[in-house]
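Working notes, structure below.
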Amino acid sequence: FRCYGKYKDNSPKCGFFLVMDEMPNKIRKVKITFNILCIKNDDIIKWRHLASNQTLSRTSKSWGSRTFSCKQLDTIKSMGWKIGLKMIDVRYHNKRNSFQ
Numbered sequence: 032f033r034c035y036g037k038y039k040d041n042s043p044k045c046g047f048f049l050v051m052d053e054m055p056n057k058i059r060k061v062k063i064t065f066n067i068l069c070i071k072n073d074d075i076i077k078w079r080h081l082a083s084n085q086t087l088s089r090t091s092k093s094w095g096s097r098t099f100s101c102k103q104l105d106t107i108k109s110m111g112w113k114i115g116l117k118m119i120d121v122r123y124h125n126k127r128n129s130f131q
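Just so we're aligned, residue 32 is where the sequence shown starts under my numbering, counting upward by one.
Here you go:
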């Protein structure tokens with residue numbers, strides 16, 4: 032997981048990305064879903080996101096989302112993240128180099 036102060040240069044929002052750096056050779060793609068919860072200033076929940084199903088593959092290794100306004104970073108004393116990740120489906124290469 033990677034967090035950025037800005038989603039893009041021209042965006043007023045922070046960015047949160049899930050990036051799969053490496054995928055085992057036997058795996059073709061992985062379908063996931065996850066719930067992200069940001070706790071700011073100790074126990075006040077300020078931002079929550081439930082991602083719809085996402086498919087990561089060798090050609091599409093990341094997924095990103097805009098979060099809260101990056102101006103809020105100036106006033107936050109502490110920040111914590113809770114992430115629940117669920118693998119829904121895994122697709123493998125079969126022995127004949129075709130896909131299952």
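Glycine included, each C-beta is placed from N, C-alpha and C at the ideal position.
Starting from residue i, follow the beta strand (DSSP E) in both directions and report where the run begins and ends.
i	result
N66	I58 to K71
G13	Since the displayed the chain opens at 32 and closes at 131, residue 13 lies outside it and no answer follows.
For residue i, is the classification buried or exposed, using 16 other Cβ atoms within 10 angstroms of its Cβ as the cut-off for buried?
i	result
L49	buried
I119	exposed
F32	exposed
Identify, in the order they occur along the chain, each residue of the same chain with its Cβ nearer than 7 Å to the Cβ of residue i, setting aside the five sequence neighbours on each side.
i	result
K37	C45, G46 and C101
I107	K71 and N72
Under a three-way DSSP split, which group does residue i fall into?
i	result
D120	strand
Using a Cβ-Cβ cut-off of 8 Å (strictly less than) and excluding sequence neighbours within five positions of residue i, which residues of its own chain qualify?
i	result
S93	F48, L49, V50, M51 and L87
Point to revise | Runs of beta strand (DSSP E) lying entirely within the stretch 75 to 118, each at least 3 residues, in chain order | key: 75 to 81, 85 to 88 and 93 to 100
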